[in-house]
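Visitor: Can you read through this structure? Questions will come right after.
There are 2 protein chains.
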Amino acid sequence: MAATIIDVARHAGVSIATVSRVMNGTTAVRPDTRQRVAEAIEALGYRPNQLARSLPGGQSDRVIGLVIPEINNPVFPEIAQAVEHEARHQGYQVMLCQTDDRWAIELKYAKLLIDRRVSGIIFVSGSFSHVKGDMEPYRLVREANIPYVLVNSRASDSTMAPVLATDEVAAGKMQAAYLLQHGHRHIGFLGGGLGYYVTRDRLLGVNQAMASLARGETASLTQQLGGFQQNRATLLARTLLTQNPRPTGILCASDLLAMIFMTQARHMGLRIPDDLSVIGFDGIQMVQHTWPPLTTIAQPLRKMGTLAVKSVLGQPINPRLELTLIKGQSVGAVPSNAILKDVAT
Amino acid sequence: MAATIIDVARHAGVSIATVSRVMNGTTAVRPDTRQRVAEAIEALGYRPNQLARSLPGGQSDRVIGLVIPEINNPVFPEIAQAVEHEARHQGYQVMLCQTDDRWAIELKYAKLLIDRRVSGIIFVSGSFSHVKGDMEPYRLVREANIPYVLVNSRASDSTMAPVLATDEVAAGKMQAAYLLQHGHRHIGFLGGGLGYYVTRDRLLGVNQAMASLARGETASLTQQLGGFQQNRATLLARTLLTQNPRPTGILCASDLLAMIFMTQARHMGLRIPDDLSVIGFDGIQMVQHTWPPLTTIAQPLRKMGTLAVKSVLGQPINPRLELTLIKGQSVGAVPSNAILKDVAT
DNA sequence: CTGTTAGCGCATTCAC
DNA sequence: GTGAATGCGCTAACAG
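Same order as they appear, the protein sequences are chains X and H.
Per numbering that gives the first Met the number 0, the first sequence starts with residue 0, numbered consecutively.
Per numbering that gives the first Met the number 0, the second sequence starts with residue 0, numbered consecutively.
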């Protein structure tokens, strides 16, 4: 159907080698010849077949695989956007792989990307972020000699790959410290299960912050762990809200969780930050538009996407990722009647 | 580096054809032979090169190109998610192309996708959605004989391609009607420029709704058109809010615009829906988490993604897309002091 | 059932 | 400068 290099050669009365030359500018070609070829290309609307082009060169499809749990959680689009930008600037395309947070699909995608001989793979919050995660995908990719990088969450020791992640312990510490500073002593934690490294690290940080209170001071921690999915999160939020006594300062593992939580709190007639303080994590752009504006610890999401691309392309990077406190209006002082107020179900 | 089919053949003591056969199950192979080959494959960790595999068959890379303006506007991830799901179920992968809403990049991506011989291309809110949009990308794709579909917004007559879009006129009508029902007679419109078909159609619908008021009744319309980008939108929102008299019912071209608008309104000390009513468009999931929950007209975003995939794969679809009113709490009655109240800048 | 032989579209040595 | 020849990894006839 489409014109091939042979058609062009014939049309221009030259050999295919010459056509190839004018296309890639490998060797010098006499101006008039080059002209004739150019015209032939134009006339036939010829476009070189990238697939065929990749074959001789060994591999290198100039494609980067981006593997993420779900496109719908706003934190991933922000990373994806940066990945696409950087990839585009470097002349690469992005293969979008969504795993629905299921390891089997992640493995399947890893295989597909290997088979396609992509230039690199970026795994975001994959099974590696789970304590008992399946390391098979990464093993395969490594054996296939394809550069990859693990974004978000800690990598287990068995994966020898660059990791791009913020200090989750520090993150938990910052979140808790901020709540403690505002006088909260009954902290609630809403997050994923203990199977996730993030959860463990975050809790570690929280405990560190609580331990560093002045002597005599104590604080309690109520956890609701389960998952990041909307349904689960809604349930967890309700449960946390019906605790008695109810925590006054809530620390959420992600901004989306925080948003879900705030919505639930509202459903139950609680006001933020008057009755309840909330702090999130991620720093997605959407936090500007919540009410009240969410106070959160921001990761450099865009930077993470950019660095991930550079990393798999073998370019030197500084993997230092800073956390930033974004002050919204979702954290306030402890309500004076905190202990008395009951919850309406 | 990686093992090829030849290595496997040698290792198993058979011909490459036989290896190919056991891989694809094309022809029957004697069990013990198949076994030997399987072992060889396993032993060498062989994975067939998809690129090479595509060549003989003509094309068909089993890849679908998804071209969207930006990943960050929440409406696109929702479509993208559905596209990935459907593509995966059908054994296809998705190439993510972000244009930053720039025609030049859209064109560039169209070329890249053609060169890569993708199976189909899904253009979402592309340059075709603009009255003076550049039709070159679609022309090229058509000439390359690659199936494509235009999602969102109306296609100009010059593009002969399936279009997947809701009835924008009806949408505008629904939005306006809802506000009118609540007694609003001073309507504000916040949206993209007149260069977009959506804007034109939406305004057409708004006018239709306003025209169908009972005799003697009239309503006014104040427009702020400009763009969908965050910065622009913020400016437009402020301008709209400082009109005198200020419209009491605001109709936004997208949910994101509505969210931006509500945030601005809040900054100016206005309460929704007490002082101001707002209705959005798109029906993104995030509307559940705004405050107040946004009232909006929902498009079947997921369905659009699913149908888009089926469409480019040549499967029969019913392109009927229904609009649904999602009742939030952002629309209320006209404030009694609407005319008196001034705006603080 | 299985091995042999052509290409697929292109880049790349080589000679001329 | 340019053309002919070779091979990339694999599938698909075509023979045995």
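Backbone N, C-alpha and C fix where the C-beta goes; we use that ideal spot for every residue, glycine too.
(1) Use the C-beta contact count for Ile63 of chain X: other C-beta atoms within 10 angstroms, 16 or more gives buried, fewer gives exposed.
(2) May I ask you to report which of helix, strand or coil DSSP gives Tyr147 of chain H?
(3) Within the 8 Å Cβ cut-off, does Leu189 of chain X reach chain H?
(4) Just to confirm, are Thr233 of chain X and Ile271 of chain X a CB contact at a threshold of 8 Å?
(5) Can you check the region 192–271 of chain H for any alpha helix (DSSP H) of at least 4 residues that lies completely inside it and give the ranges in chain order?
(6) Taking the beta carbon of Arg319 of chain H as the centre, do at least 16 other beta carbons fall within 10 Å, making it buried, or is it exposed?
(7) List, in order along the chain, the chain H residues whose C-beta lies closer than 7 Å to that of Pro272 of chain X?
(8) Where do the N-terminal and C-terminal ends of the alpha helix (DSSP H) with Gly279 of chain H fall, by residue?
(9) DSSP three-state label for Gly171 of chain H, please.
(10) Given Gln263 of chain X, which residues of its chain have a CB within under 7 Å of its CB, disregarding the five upstream and five downstream residues?
(11) Grouping DSSP H, G and I as helix and E and B as strand, with all else coil, what is Val342 of chain H?
(12) Would Pro244 of chain H pass as an interface residue toward chain X - the criterion being a Cβ-Cβ separation below 8 Å?
(13) With a cut-off of 8 Å, do at least 3 Cβ pairs link the region 86–106 of chain X to the region 128–143 of chain X?
(14) Using 8 Å as the Cβ pair cut-off and three pairs as the minimum, do the region 192–211 of chain X and the region 164–183 of chain X touch?
(15) Verify whether the separation of the beta carbon atoms of Ala257 of chain X and Val197 of chain X is less than 8 Å.
(16) On the three-state DSSP scale, how would you describe Ala297 of chain H?
(17) Less than 6 Å between C-beta atoms, sequence neighbours within five positions excluded: which residues of the same chain meet that for Lys309 of chain H?
(18) Could you name the residues that DSSP lists as bridge partners for Phe122 of chain X?
(19) Mark Asn48 of chain X as exposed unless 16 or more other C-beta atoms lie within 10 angstroms of its C-beta, in which case mark it buried.
(20) Which residue wins for smallest C-alpha separation from Pro146 of chain H, given the options H:Glu38, H:Leu65, H:Lys302?
(21) Taking CB distances under 8 Å as the criterion, tell me whether Val123 of chain H reaches chain X.
(22) Does the CB of Gln80 of chain X have a neighbour CB from chain H at under 8 Å?
(23) Measuring straight from C-alpha to C-alpha, what distance separates Val342 of chain H and Gly187 of chain H?
(24) Give the range of the alpha helix (DSSP H) segment to which Ile186 of chain H is assigned.
(25) Between which two residues does the alpha helix (DSSP H) harbouring Thr323 of chain X extend?
(26) Going along the region 70–103 of chain H in order, which residues come within less than 7 Å of chain X, judged by CB to CB distance?
(27) Tell me whether Val7 of chain H is buried or exposed, calling it buried when 16 or more other Cβ atoms sit within 10 Å of its Cβ.
(28) Between X:Leu269, X:Val277, X:Val117, which lies nearest to Leu50 of chain H when the distance is taken from Cα to Cα?
(29) Could you pull the DSSP bridge partners for Gln80 of chain H from this structure?
(30) Run the CB neighbour count on Asn144 of chain X, radius 10 Å, all protein chains shown included, and call it buried at 16 or more, exposed below.
(31) DSSP state of Glu135 of chain X, grouped into three classes?
(32) On the criterion of 16 or more Cβ atoms from any shown chain inside 10 Å, does Met303 of chain H qualify as buried, or is it exposed?
(33) So with Cβ pairs under 8 Å, would you call Met428 of chain H a contact of chain X?
(34) Please name the residues in the region 38–57 of chain H whose beta-carbon is closer than 9 Å to at least one beta-carbon of chain X, in chain order.
(35) Count Cβ pairs between the region 269–283 of chain X and the region 85–92 of chain X that sit closer than 8 Å; are there 3 or more?
(36) Nearest by alpha-carbon distance to His291 of chain H: which of X:Arg265, X:Pro244, X:Val36 is it?
Guide: Taking the structure as given:
(1) Indexing the first sequence from 1 puts residue 63 of chain X at position 64. When all chains shown are included, Ile63 of chain X counts as buried.
(2) In the second sequence, the residue the question calls residue 147 of chain H occupies position 148. The answer is strand: DSSP assigns Tyr147 of chain H an E or B state.
(3) For this step, residue 189 of chain X is matched to residue 190 along the first sequence. No - not a single Cβ of chain H is within 8 Å of the one on Leu189 of chain X.
(4) To locate residue 233 of chain X, count along the first sequence from 1; it is residue 234. To locate residue 271 of chain X, count along the first sequence from 1; it is residue 272. For the 8 Å CB-CB criterion, Thr233 of chain X and Ile271 of chain X do not form a contact.
(5) Here the runs fully enclosed are 196–210, 229–240, 254–266.
(6) Along the second sequence, one-based indexing puts residue 319 of chain H at 320. Arg319 of chain H comes out exposed.
(7) Locating residue 272 of chain X in the first sequence gives position 273, where the first residue counts as 1. Result: empty, since nearest Cβ-Cβ is about 13 Å, beyond 7 Å.
(8) For the purposes of this step, residue 279 of chain H is taken as residue 280 along the second sequence, with counting starting at 1. Segment 276–281 is the beta strand (DSSP E) holding Gly279 of chain H; no alpha helix (DSSP H) there.
(9) Counting from one through the second sequence, the residue named residue 171 of chain H turns up at place 172. DSSP, read as helix, strand or coil, puts Gly171 of chain H in helix.
(10) The residue given as residue 263 of chain X occupies position 264 in the first sequence. Within the same chain, Gln263 of chain X has close Cβ partners Thr233, Ala236, Arg237, Leu240.
(11) Residue numbering aside, residue 342 of chain H sits at position 343 when the second sequence is read from its first letter. A caution first: Val342 of chain H carries a pLDDT of 42, below 50, which makes its placement in the model unreliable, though a value can still be read off. Under the three-state reduction of DSSP output, Val342 of chain H falls in the coil class, being neither helix nor strand.
(12) Against the second sequence, residue 244 of chain H aligns to sequence position 245. No, Pro244 of chain H lies away from the interface with chain X (no Cβ there is under 8 Å from its Cβ).
(13) Proximity of the region 86–106 of chain X to the region 128–143 of chain X meets the contact definition, three or more beta-carbon pairs being nearer than 8 Å.
(14) Counting Cβ pairs under 8 Å, three or more are found: they touch.
(15) Counting from one through the first sequence, the residue named residue 257 of chain X turns up at place 258. Counting from one through the first sequence, the residue named residue 197 of chain X turns up at place 198. Going by C-beta atoms, Ala257 of chain X is not nearer than 8 Å to Val197 of chain X.
(16) Within the second sequence, numbered from 1, the residue matching residue 297 of chain H stands at position 298. Ala297 of chain H: strand per DSSP, three-state reduction.
(17) Walking along the second sequence from the start, residue 309 of chain H turns up at place 310. Same-chain partners within the cutoff: Ile316.
(18) For the purposes of this step, residue 122 of chain X is taken as the residue at position 123 of the first sequence. Beta-bridge partners assigned by DSSP to Phe122 of chain X: X:Val66, X:Leu149.
(19) Locating residue 48 of chain X in the first sequence gives position 49, where the first residue counts as 1. Per the 10 Å Cβ criterion, buried.
(20) Taking the second sequence and counting its residues from 1, the one referred to as residue 146 of chain H is at position 147. Measuring from the Cα of Pro146 of chain H, the nearest candidate turns out to be H:Leu65.
(21) Numbered from 1 along the second sequence, position 124 holds the residue referred to as residue 123 of chain H. Using a Cβ-Cβ cut-off of 8 Å, Val123 of chain H does not count as an interface residue toward chain X, since no Cβ of chain X sits closer than that to its own.
(22) For this step, residue 80 of chain X is matched to residue 81 along the first sequence. Yes, Gln80 of chain X lies at the interface with chain H (some Cβ there is under 8 Å from its Cβ).
(23) Walking along the second sequence from the start, residue 342 of chain H turns up at place 343. Walking along the second sequence from the start, residue 187 of chain H turns up at place 188. Residue confidence for Val342 of chain H is low, a pLDDT of 42 falling below 50, so the modelled location carries little weight; the figure read from the coordinates is stated next. So the two alpha carbons sit approximately 15 Å from each other.
(24) Residue 186 of chain H sits at position 187 when you count from the first residue of the second sequence. Where Ile186 of chain H is concerned, there is no enclosing alpha helix (DSSP H), although the beta strand (DSSP E) it sits in stretches over 185–190.
(25) Position 324 of the first sequence, counted from the first residue, corresponds to residue 323 of chain X. DSSP places Thr323 of chain X outside any alpha helix (DSSP H); the residue lies instead in the beta strand (DSSP E), whose first and last residues are 323–325.
(26) For the region 70–103 of chain H, the residues whose beta carbon sits under 7 Å from a beta carbon of chain X are, in order, Ile70, Asn71, Pro73, Pro76, Glu77, Ala79, Gln80, Glu83, Gln92, Val93, Met94, Leu95, Gln97.
(27) As a working mapping, residue 7 of chain H is identified with position 8 in the second sequence. It is buried - the Cβ of Val7 of chain H has at least 16 other Cβ atoms within 10 Å.
(28) Counting from 1 along the second sequence, the entry for residue 50 of chain H is found at position 51. The residue with the shortest Cα to Cα distance from Leu50 of chain H is X:Val117.
(29) The residue you call residue 80 of chain H lines up with position 81 of the second sequence. As computed with DSSP, Gln80 of chain H is found in no beta bridge at all.
(30) To locate residue 144 of chain X, count along the first sequence from 1; it is residue 145. With fewer than 16 other Cβ atoms inside 10 Å of its own Cβ, Asn144 of chain X counts as exposed.
(31) Indexing the first sequence from 1 puts residue 135 of chain X at position 136. Glu135 of chain X falls in the helix class under three-state DSSP.
(32) As a working mapping, residue 303 of chain H is identified with position 304 in the second sequence. Burial state of Met303 of chain H is buried, judged by a 10 Å Cβ sphere holding 16 or more other Cβ atoms.
(33) Past the boundaries of the shown model lies residue 428 of chain H; chain H is included only from 0 to 344, so the question cannot be answered.
(34) Identification of residues in the region 38–57 of chain H having a C-beta nearer than 9 Å to some C-beta of chain X yields Gly44, Arg46, Pro47, Asn48, Gln49, Leu50, Ala51, Arg52, Ser53, Leu54, Gly57, given in sequence order.
(35) No: fewer than three Cβ pairs fall under 8 Å.
(36) Mapped onto the second sequence, residue 291 of chain H falls at position 292. The question names His, yet the displayed sequence has Pro at residue 291 of chain H. Scanning X:Arg265, X:Pro244, X:Val36 for the CA closest to the CA of Pro291 of chain H turns up X:Arg265.
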